[in-house]
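Engineer: Listed in order, the protein sequences are those of chains U and P. For this note's numbering, count along the first sequence from 1 and bump the result up by 4. For this note's numbering, count along the second sequence from 1 and bump the result up by 845. Idealized CB from N, CA, C, for every residue including glycine.
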Amino acid sequence: MSSERGMYDFCFIIVTIVFFALSIGYVQFCDRVK
Amino acid sequence: MTLNGWLQIAVFLLAVLAVTKPMGVYMACVFTRERTFLDPVLRPIERLIYRLTQVDEDHEMHWTEYATAMLLFSLVSMLLLYAMERVQQWLPFNPQRLSAVPQGLAFNTAASFTTNTNWQNYSGEVVMSYFTQMAGLAYHNFVSAAVGIALAIAFIRGIARRQMQTIGNFWVDMVRSCLWVLLPFCVLGALLLVSQGVVQNLRPYDTVKVVEPAQVPHIGADGKAVMDTVITQTIAQGPVASQEIIKQWGTNGGGFFNANSSHPFENPTPVSNFIELFSIFAVSAGLTYTLGRMTGSQAHGWAVWAAMALLFVAGVTVTYWAEARGNPLLAGVDQHATASQPGGNMEGKEIRFGIANTALWATVTTDASCGAINGWHDSFTPIGGMVPLVNIMLSEVIFGGVGAGMYGMLVYIVLTVFIAGLMVGRTPEYLGKKIEAYDVKMAMLVVLVFPLVILSFAAIASVASFGTSSILNPGPHGLSEILYSYTSQAGNNGSAFAGLSTNTPWYNVTGGITMLIGRFLMIIPMLAIAGNLAQKKCVPPSLGTFPVTTPLFTVLLIGVIIIVGALTFFPALSLGPILEHLLMLAGKTF
C-alpha cells in the first residue's frame, strides 16, 4: 500500500517536471518560428 | 432591482475609477525604479533579497530568458507545495492533527495555487493544516500574483521599448511586485478586515453547544436510516484575515473556509464585503493607467479602461436583472423587493449581502481571475449564471486578474489593430510598432489554446462515465457545471459553479493539467509578442494609422473580445445555460 502511494507521488512529480520541460521547449519553438 | 442596489454598484465603480490613477502612477514608479514613499523601508529588504539569492538587479533579460526563469520558479514552487501537502501531518501548526492530503488532490491543489487559480477540490478547514495554509497556499497567493504583475509589466515594456532585445528582469519584477504592490496593501487590508471581525489566530477549533439541537439522518449498522441528535458544533478558526486580503488583492480567490467569502469569519459585514470587492479590481484598474504612463499614451490607457468598464457594466446589469426578477416557475410567490424582503431569486445568496451585492460580486470575481465567491453561482438563474461563465470565457480581460487581465487584454489589442489594419488596407500599427505576421501568429496561439483545453476536456467529461458520474444536476444544468469547471480552471479563475463532485481522480488530474496549460501555454506566446515588439523601431503615425485612443477603438476592442468569445463558445453555451433558460420558460425543470 505504501509503495503504491509512493508510486502515485512519483507519477505526479514526473508529470509536473515533464510539463515544465515541454513548456521550456515551447519557449524555444516560439522563438524559432519567427 | 432597487435604487439602493444600483447605488451600491455605482459607488463601487466610482471607487475603482478613483483608485485607477494613484495606483497606476505608483506601479509605474515601482517598475521604472523611480522613488516611492515606501523606498526607505522596502529598498534595504529588496537589496538583501538580491544579495541572498545572488540576483544581479541590473541584468536585463531576453524574453526567452524571462520566460524560462518564470517557468523554473513556478516548477520549484509547485513541487514544494506538493511536498508540503503530502507531509503536513509531520509539520508544525496542525492543532487539528490533519493527515496528509491525498496525491490526486495534492497535485490539483499545487497546480491550482501555482497558476493563481485557487480552484479548490477540498474544504480548507478539514483538509489543510495552518502551516500548509500559511507557508504553502498564502505564499503562492503572493508569488503567483506577483508573477502575473511581472508579466504584464514585461509586456508593457515590450510595447514601450524601441529596438531593444530585452524586456526586464523577471526576478526583480517579481520581488518588486511582492514588496511594493502586494505586501503593504495586504498588511493594511488585513488590519481593516480584522477590525470588521475577520478572525486571525492559531487556536484549535472551538466546540460549542448548539442553541437548538438538530435531528440529522444517519445510516445505521443495519443499513436503515436512523436519526441522530446533534447537540454540539465545531467552529473552525485560523489565520484567516492575512490570507483573506491577499486572496482578494492578488485575485487568487481560494477561501480559507469552504464557504469562501460567504462565511461570516471571512466576510462578516457590508464594509468587509466592499473592501474585498474593491481589492479585486484595484491593481488591475491601476495597470491600465500604468500602461498609458509607461507607453507615453495616457489616452490609450483610458481607452482600455473604458472598454473594460463598459463590459463590466453590461455584465453586472444582466446578472442583477436576471437575479432580481426571480424565478418565473415559482408562480404565486411574492418575489418583489420590499422593505421586509429582498425579493428575486435568493437561493444560494447570503441575506447579509442581498441580490445586488451577490450579482456584483459574481460579475467582479469572474471579470477578474479571482474566483472568490459570496454566493453560489450554481443557484443563479440560467441567464444570471451564464454571465460569470461568459466573463471567464472572454479570457477575464475585464480588468482581469492582477497582471493576467492586462496581458490578456494586450493580446486582444494586437488582434484589434490587426483587424483595423485589414479594414483600411494598411500595415497595422500599435503605438508606433508595426504588427506583423509573427505577432498575430503568437496572438492566435494565445487565443486558441484556451478554448481547445476547455472544450476538449469538457467534451470527454460530458460523455464518459467518470465525468458524468460527478454531476449532481441532470439536463443542461449538468453540462453547465462541467463546462464551468473546465472554463474556470483554464481561465485560472477558480470559482466553482458547484453541483459537481470534482474530488475524483479524473477531475483532479485533468483539472490540474487544464490549469497548467491555461496559465503557462498562454503566457509563453504572449511574452514572445512582447519580446518581438521590444525589438521594433517606432514609426511615426500616418494617415493610415488606426488611433488607439478614441471611442472607435474602444468599441472595436469590445467587438473583437465579444466576437472571439462568442464564436468560440456559443455552441457549448446554447446546450447549457441558454437551453436551460428556454426550458425554464417552458415550465420544464430537472
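Have a look at P/A1288 and P/P1319 and give me their C-alpha separation to the nearest angstrom.
Structural biologist: As a first step, residue 1288 of chain P is located in the second sequence; it is residue number 443 there, counting from the start. As a first step, residue 1319 of chain P is located in the second sequence; it is residue number 474 there, counting from the start. One C-alpha to the other measures close to 37 Å.
Engineer: In chain order, what residues of the same chain lie with their CB nearer than 8 Å to the CB of P/V1269, ignoring the 5 residues before and after it?
Structural biologist: For the purposes of this step, residue 1269 of chain P is identified with residue 424 of the second sequence, where counting begins at 1. Correct list, in chain order: G1389 and F1391.
Engineer: Mind checking if P/I1243 is an interface residue toward chain U, Cβ cutoff 7 Å exclusive?
Structural biologist: Translated into positions along the second sequence, residue 1243 of chain P becomes position 398. Not one chain U Cβ lies under 7 Å of P/I1243.
Engineer: Going along the chain, which residues of the stretch 943-974 of chain P sit with their C-beta nearer than 7 Å to a C-beta in chain U?
Structural biologist: Against chain U - using a Cβ distance shorter than 7 Å - the residues of the stretch 943-974 of chain P are Q948 and F952.
Engineer: Tell me the start and end of each unbroken beta strand (DSSP E) in the stretch 1329-1390 of chain P that is at least 3 residues and wholly inside, in chain order.
Structural biologist: Runs of the beta strand (DSSP E) inside the stretch 1329-1390 of chain P: none found.
Engineer: So, helix, strand or coil for P/P940, using DSSP?
Structural biologist: Stepping through the second sequence from its first residue, residue 940 of chain P is reached at position 95. Coil, per DSSP.
Engineer: Identify, in the order they occur along the chain, each residue of the same chain with its Cβ nearer than 6 Å to the Cβ of P/F1342, setting aside the five sequence neighbours on each side.
Structural biologist: Here residue 1342 of chain P refers to the residue found at position 497 of the second sequence. Once the five neighbours on either side are set aside, the close Cβ partners of P/F1342 are H1222, D1223, E1326 and Y1329.
Engineer: Hey, how far is the Cα of P/H1447 from the Cα of P/S1142?
Structural biologist: A query on residue 1447 of chain P cannot be resolved here, the shown segment of chain P reaching from 846 to 1435 and no further.
Engineer: Give a yes or no on whether 7 Å exceeds the smallest Cβ distance from U/I18 to chain P.
Structural biologist: Here residue 18 of chain U refers to the residue found at position 14 of the first sequence. Judged by the 7 Å Cβ criterion, U/I18 is not in contact with chain P.
Engineer: Let me check understanding here. Comparing Cα to Cα, which of P/A914, P/A1204 and P/M915 lies closest to P/F1157?
Structural biologist: Translated into positions along the second sequence, residue 1157 of chain P becomes position 312. Ranking the options by Cα distance to P/F1157, first place goes to P/A1204.
Engineer: Does the stretch 1088-1106 of chain P come within contact of the stretch 1055-1067 of chain P, defined as at least 3 CB pairs closer than 8 Å?
Structural biologist: No, the stretch 1088-1106 of chain P is not in contact with the stretch 1055-1067 of chain P.
Engineer: Using a Cβ cut-off of 7 Å (strictly closer), state whether U/S27 contacts chain P.
Structural biologist: Here residue 27 of chain U refers to the residue found at position 23 of the first sequence. So, interface residue.
Engineer: How big is the Cα-Cα spacing for P/A1127 and P/V1071?
Structural biologist: In the second sequence, counting from the first residue as 1, residue 1127 of chain P sits at position 282. In the second sequence, counting from the first residue as 1, residue 1071 of chain P sits at position 226. The alpha-carbon atoms of P/A1127 and P/V1071 are separated by roughly 52 Å.
Engineer: Where P/F1244 and P/S968 are concerned, what is the direct C-alpha to C-alpha distance, given to the nearest angstrom?
Structural biologist: The sequence position of residue 1244 of chain P within the second sequence is 399, counting from 1. The sequence position of residue 968 of chain P within the second sequence is 123, counting from 1. Computed Cα separation, rounded: 29 Å.
Engineer: Could you check the C-alpha separation between P/T960 and P/G1131 for me, to the nearest Å?
Structural biologist: Along the second sequence, read from residue 1 onward, the residue named residue 960 of chain P stands at position 115. Along the second sequence, read from residue 1 onward, the residue named residue 1131 of chain P stands at position 286. Using only the alpha carbons, I get a separation of about 22 Å.
Engineer: Buried or exposed for P/F1123, please, with buried defined as at least 16 other CB atoms from any protein chain shown within 10 angstroms of its CB.
Structural biologist: Within the second sequence, the letter at position 278 stands for residue 1123 of chain P. So P/F1123 counts as buried.
Engineer: Under DSSP, the beta strand (DSSP E) around P/H907 begins and ends at which residues?
Structural biologist: For the purposes of this step, residue 907 of chain P is identified with residue 62 of the second sequence, where counting begins at 1. Unbroken run through P/H907: none, as it is neither H nor E.
Engineer: Closer than 7 Å by C-beta to P/S1117: which residues in its own chain qualify, once you throw out the five before and the five after it? Chain order, please.
Structural biologist: The residue given as residue 1117 of chain P occupies position 272 in the second sequence. Excluding sequence neighbours, P/S1117 sits near L1038, Q1041 and V1043.
Engineer: Starting from U/V31, find everything on chain P with Cβ-Cβ shorter than 7 Å and list it in chain order.
Structural biologist: Counted from its first residue, the first sequence places residue 31 of chain U at position 27. Here the neighbours are T909, A912, T913 and I1369.
Engineer: Would you say P/L1293 faces chain U, with C-beta separation under 7 Å as the test?
Structural biologist: The residue given as residue 1293 of chain P occupies position 448 in the second sequence. Cβ-Cβ to chain U under 7 Å: no for P/L1293.
Engineer: Can you grab the Cα-Cα spacing for the pair P/Y977 / P/A1265, in whole Å?
Structural biologist: What you label residue 977 of chain P is simply residue 132 of the second sequence in a count that begins at 1. What you label residue 1265 of chain P is simply residue 420 of the second sequence in a count that begins at 1. Sequence check: residue 977 of chain P is Thr here, not Tyr. Their Cα atoms are separated by approximately 49 Å.
Engineer: Rounding to the nearest angstrom, what Cα-Cα distance links P/A1445 and P/S1314 in this structure?
Structural biologist: Within the shown structure, residues of chain P are numbered from 846 to 1435, placing residue 1445 of chain P beyond reach of any answer.
Engineer: The stretch 1328-1351 of chain P: which residues have C-beta closer than 7 Å to a C-beta of chain U, in chain order?
Structural biologist: If the cut-off is 7 Å between Cβ atoms, the stretch 1328-1351 of chain P has nothing near chain U.
Engineer: In three-state DSSP terms, what is P/F1241?
Structural biologist: For the purposes of this step, residue 1241 of chain P is identified with residue 396 of the second sequence, where counting begins at 1. A quick correction: the sequence has Glu, not Phe, at residue 1241 of chain P. Coil at P/E1241, not helix or strand.
Engineer: Within 7 Å of any Cβ in chain P, is that where the Cβ of U/F14 sits?
Structural biologist: As a working mapping, residue 14 of chain U is identified with position 10 in the first sequence. By this cut-off, U/F14 is not an interface position.
Engineer: Going by alpha carbons, who is nearest to P/M872 out of P/E910, P/V856, P/P947 and P/F1030?
Structural biologist: Taking the second sequence and counting its residues from 1, one reaches residue 872 of chain P at position 27. Ranking P/E910, P/V856, P/P947 and P/F1030 by Cα distance to P/M872 puts P/F1030 first.
Engineer: Taking the straight line between their C-alpha atoms, what separation do you get for P/F1295 and P/G1336?
Structural biologist: Numbered from 1 along the second sequence, position 450 holds the residue referred to as residue 1295 of chain P. Numbered from 1 along the second sequence, position 491 holds the residue referred to as residue 1336 of chain P. Taking the straight line from one Cα to the other gives about 8 Å.
Engineer: In terms of alpha-carbon separation, which member of P/M915, P/M1429 and P/P1370 lies closest to P/Y1252?
Structural biologist: Here the question's residue 1252 of chain P lines up with position 407 in the second sequence. Answer by Cα proximity: P/P1370.
Engineer: What residues of chain U sit near P/Y1283, judged by a beta carbon separation below 7 Å?
Structural biologist: As a first step, residue 1283 of chain P must be located in the second sequence, where it is residue number 438. By Cβ distance, chain U contributes K38.
Engineer: Applying the criterion that 16 or more other CB atoms from any shown protein chain within 10 Å of the CB defines a buried residue, is P/W935 buried or exposed?
Structural biologist: Residue mapping note: residue 935 of chain P aligns to position 90 of the second sequence, counting from 1. When all chains shown are included, P/W935 counts as exposed.
Engineer: Which residue's Cα is closest to the Cα of P/Q1010: P/W1016, P/A999 and P/V1017?
Structural biologist: Counting from 1 along the second sequence, the entry for residue 1010 of chain P is found at position 165. Answer by Cα proximity: P/A999.
Engineer: Who pairs with P/P1396 in a beta bridge, going by DSSP?
Structural biologist: If you number the second sequence from 1, residue 1396 of chain P lands on position 551. None, per the DSSP bridge assignment.
Engineer: For P/K1069, does the count of other Cβ atoms within 10 angstroms reach 16, so buried, or fall short, so exposed?
Structural biologist: Reading the second sequence from its first residue, position 224 is the one you call residue 1069 of chain P. The residue in question, P/K1069, is exposed, as its Cβ has fewer than 16 Cβ neighbours within 10 Å.
Engineer: What does DSSP give as the partner residues of P/M1072 in its beta bridges?
Structural biologist: What you label residue 1072 of chain P is simply residue 227 of the second sequence in a count that begins at 1. Note: P/M1072 sits in a beta bridge opposite P/P1062.
Engineer: Would you identify the three-state DSSP class for P/G1188, choosing helix, strand or coil?
Structural biologist: Numbered from its first residue, the second sequence carries residue 1188 of chain P at position 343. If DSSP states are grouped into helix, strand and coil, P/G1188 belongs with coil.
Engineer: Between P/Q1045 and P/A1086, how many whole angstroms is the CB-CB distance? I'm expecting something under 8 Å.
Structural biologist: Position 200 of the second sequence, counting from 1, holds the residue named residue 1045 of chain P. Position 241 of the second sequence, counting from 1, holds the residue named residue 1086 of chain P. That belief holds up - the Cβ atoms of P/Q1045 and P/A1086 are roughly 4 Å apart, short of 8 Å.
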